[in-house]
Amino acid sequence: MRPLPAVSVLLLSACALAACSRDAATAAPPSTIPASAAGGQCLPQVRDGWIRLVPGDDMPMDAGYATIDNPCDVAVVVTAATSKAYADVSLHESTLESGMSRMRPVPELRIAAHGQAMLEPGGLHLMLMAPHARPKVGDRVAIQVRLQDGRRVDGDFDVRAMTP
Numbered sequence: 002m003r004p005l006p007a008v009s010v011l012l013l014s015a016c017a018l019a020a021c022s023r024d025a026a027t028a029a030p031p032s033t034i035p036a037s038a039a040g041g042q043c044l045p046q047v048r049d050g051w052i053r054l055v056p057g058d059d060m061p062m063d064a065g066y067a068t069i070d071n072p073c074d075v076a077v078v079v080t081a082a083t084s085k086a087y088a089d090v091s092l093h094e095s096t097l098e099s100g101m102s103r104m105r106p107v108p109e110l111r112i113a114a115h116g117q118a119m120l121e122p123g124g125l126h127l128m129l130m131a132p133h134a135r136p137k138v139g140d141r142v143a144i145q146v147r148l149q150d151g152r153r154v155d156g157d158f159d160v161r162a163m164t165p
């Protein structure tokens, strides 16, 4: 029996492991794929997006709402959102506790296969902080939703006035 096959198997295994590892210097950047052009990859879709514009300039924050549909056969996890229009975008949830409204950051949002998440007033929403330029009613703001696997999904959000 020759030891060469065992050495070959070990070398091939080491090469395969090295090829599968993701070194930060060589890793490809996350893809930015519009939901309508997923190119065969199943992606969630952001629809009916709107931003509630808080009146006045003394409150440099707004709130974003939308429906995120997951038509995929597997669950997806939303971990972040970004926008060129705001310095900070984060996922929050408003709840009512002992008669008091509370708002807390949410680290991630899991959407079941063939499910949907509703970002709506009084519940889950995007907290949009420190606008670079104050949006106006009627503007459209692009917001990217980031998934746990690194992919991003674009959404358009219409700016609306805050109603009493």
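If you want the working numbering, it's the 1-based position in the sequence shown plus 1.
The C-beta atom is built at its ideal place from N, Cα and C for all residues, glycine as well.
This one's a predicted model, so the numbers in the text were calculated from it and none came from an experiment.
Rounded C-alpha distance that separates residue i from residue j
i      : j      : result
Thr96  : Asn71  : 24 Å
Gly40  : Asp150 : Any reading at Gly40 must be qualified, since the residue scores a pLDDT of 49, below 50, and its modelled position is unreliable; the value itself is stated next. Cα to Cα, the separation comes out at about 16 Å.
Ser32  : Arg147 : The pLDDT assigned to Ser32 is 39, lower than 50, so where the model puts this residue is not dependable, and the model offers no usable value.
Arg111 : Ala81  : 12 Å
Lys137 : Ser102 : 27 Å
Asp74  : Leu125 : 23 Å
Ala162 : Val55  : 7 Å
Val160 : Lys85  : 15 Å
Asp89  : Val78  : 20 Å
Glu109 : Gly57  : 30 Å
Asp63  : Ser91  : 11 Å
Glu94  : Pro122 : 9 Å
Ala76  : Met119 : 15 Å
Val154 : Gly50  : 13 Å
Ile144 : Gly100 : 32 Å
Ala134 : Val142 : 11 Å
Whole-angstrom C-beta distance between residue j and residue i, which should lie under 8 Å
i      : j     : result
Ala114 : Pro61 : About 38 Å separates the two Cβ atoms, so there is no contact after all.
According to DSSP, residues forming a beta bridge with residue i
i      : result
Leu44  : Per DSSP, none; premise fails for Leu44.
Pro106 : His93
His126 : His93
Within the segment 56-98, ranges of the alpha helix (DSSP H) (whole runs, at least 4 residues): none
Sufficient close CB pairs (3 or more, under 8 Å) joining the segment 41-53 to the segment 68-85: yes
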